[in-house]
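One structure below.
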Amino acid sequence: MTTSEPMMIDCGPHGERVSAVVCQHLLQRDTSPSGFIENSDDPHDLQAWCHLCEEKFQLEGEMTDAFRQFNGMAIVCVVCYDESKARHAISVTQ
Ligand SMILES: [Zn+2]
Ligand SMILES: [Zn+2]
């Protein structure tokens, strides 16, 4: 892992921000919490996906095409990332 310059994204209302990656399910605003599993705690490279994606990932065992398609990774800004986290994080330990 290199700690290079963070990737920036111009996120409409949030302006230019450090980018982060979430799964497509975390972008849905009108669903019940989907879980929020963080895969990176590098503030310049935040990545998270929902509980369903975690299950899918365990099933697939790696980043397969099927997993990627299911996950539908989306680039968001860190503010959106935090909003998703607030919306979807549920206190499930393991
Ligand atoms: Zn997901
Ligand atoms: Zn944003």
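End of the sequence shown sits at 1102 in the numbering used here; the numbers just go up one at a time, nothing left out. We put the CB at the ideal spot given by N, CA and C, even for glycine. Bear in mind the structure is a predicted one, so any value in this text is a computation, not a measurement.
Inter-residue Cα distance where the pair is residue i and residue j
i     : j     : result
E1013 : D1049 : 15 Å
I1045 : G1069 : 16 Å
Q1066 : A1056 : 15 Å
S1027 : D1018 : 9 Å
Closest Cα partner of residue i within the set the options
i     : options                       : result
H1096 : M1016, S1027 and C1058        : C1058
A1082 : L1035, E1024, H1022 and G1020 : L1035
Q1077 : I1017, P1021 and Q1032        : Q1032
V1087 : L1054, L1060, M1071 and N1047 : L1054
E1063 : G1043, I1098 and H1052        : G1043
Simplified DSSP state of residue i, which is helix, strand or coil
i     : result
G1023 : strand
heavy atom of ligand 2 below 7 Å from residue i C-beta
i     : result
R1025 : yes
C1031 : no
H1022 : yes
C1058 : no
C1061 : no
Worksheet item: Unbroken beta strand (DSSP E) runs of length 3 or more, entirely within the stretch 1053-1093: which are they?
Response: 1054-1057 and 1082-1085
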